[in-house]
Amino acid sequence: MEIRRVQGAFNWIILLSEASHVFCCVLPSLFSILSMMAGLGMIGVMPVWLISIHEMLHGWEVPMIAMSAAVLLLGWTLHYISYRMDCHSTGCVHEPCGPKKKNAAFILKVATILFLANILVYFVFHRGMDKDFRIHAREAHTGVHHDE
7 MEIRRVQGAF NWIILLSEAS HVFCCVLPSL FSILSMMAGL GMIGVMPVWL
57 ISIHEMLHGW EVPMIAMSAA VLLLGWTLHY ISYRMDCHST GCVHEPCGPK
107 KKNAAFILKV ATILFLANIL VYFVFHRGMD KDFRIHAREA HTGVHHDE
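Residue numbers for the sequence shown follow my numbering, beginning at 7 and rising by one.
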């Protein structure tokens with residue numbers, strides 16, 4: 007019965023690690039797609055509330071990428087441990103875990119691809135934007151422009 011609790015904890019941790027990708031990968035991807043659609047004239051304008059969230063996320067981009075990398079590494083580590091665990095030798099009597107482990111591996115692969123795409127976008131397009139955002143925010147707050 008102990009193995010079932012450990013495996014349940016692993017499943018929850020892996021699920022939470024995947025949920026964290028909403029902030030590092032899904033939202034930035036959504037912003038990028040909407041920005042590209044606005045630039046190509048497919049939509050009139052990006053909604054204002056999304057622009058403010060997008061700008062706020064730029065200040066947190068590096069910590070989100072670092073946290074996402076840590077959580078992704080944890081997810082792969084737990085998946086590896088779970089994969090090497092032989093349920094039948096520990097006395098488990100439930101259905102085979104193989105299909106669940108394959109699903110977890112698929113989700114982790116997709117998350118890894120999204121993470122690598124996010125890293126690529128950061129280094130190609132966004133590197134230094136968080137510094138520019140802080141400068142513009144300070145200028146807006148103080149009324150003193152950087153060029154003056």
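Using N, Cα and C, we set each Cβ at its ideal position, and we do this for glycine too.
Cβ neighbour criterion (16 or more within 10 Å) applied to residue 15: Classification of residue 15: exposed, given that the 10 Å Cβ count is below 16.
With C-beta atoms as the reference, is residue 40 less than 7 Å away from residue 52? Residue 40 places its beta carbon less than 7 Å from that of residue 52.
Going by DSSP in three states, residue 81 sits in which element: helix, strand or coil? Helix.
Given this structure, state the Cα-to-Cα distance separating residue 77 from residue 45, to the nearest angstrom. Roughly 33 Å separates the two Cα atoms.
Since residue 34 contacts residue 124 with CB under 8 Å, what's their CB separation in whole angstroms? The Cβ separation is near 6 Å, so the contact holds.
Which residue's Cα is closest to the Cα of residue 37: 113, 64, 129, 116? Closest option to residue 37, Cα to Cα, is 64.
Can you give the beta carbon distance from residue 117 to residue 85, rounded, assuming they're within the 8 Å contact cut? Incorrect: roughly 11 Å between the Cβ atoms, too far for contact.
Here's the rule: buried if 16 or more other CB atoms are within 10 angstroms of the residue's CB, otherwise exposed. What is residue 122? The residue is exposed, with fewer than 16 neighbouring Cβ atoms inside 10 Å.
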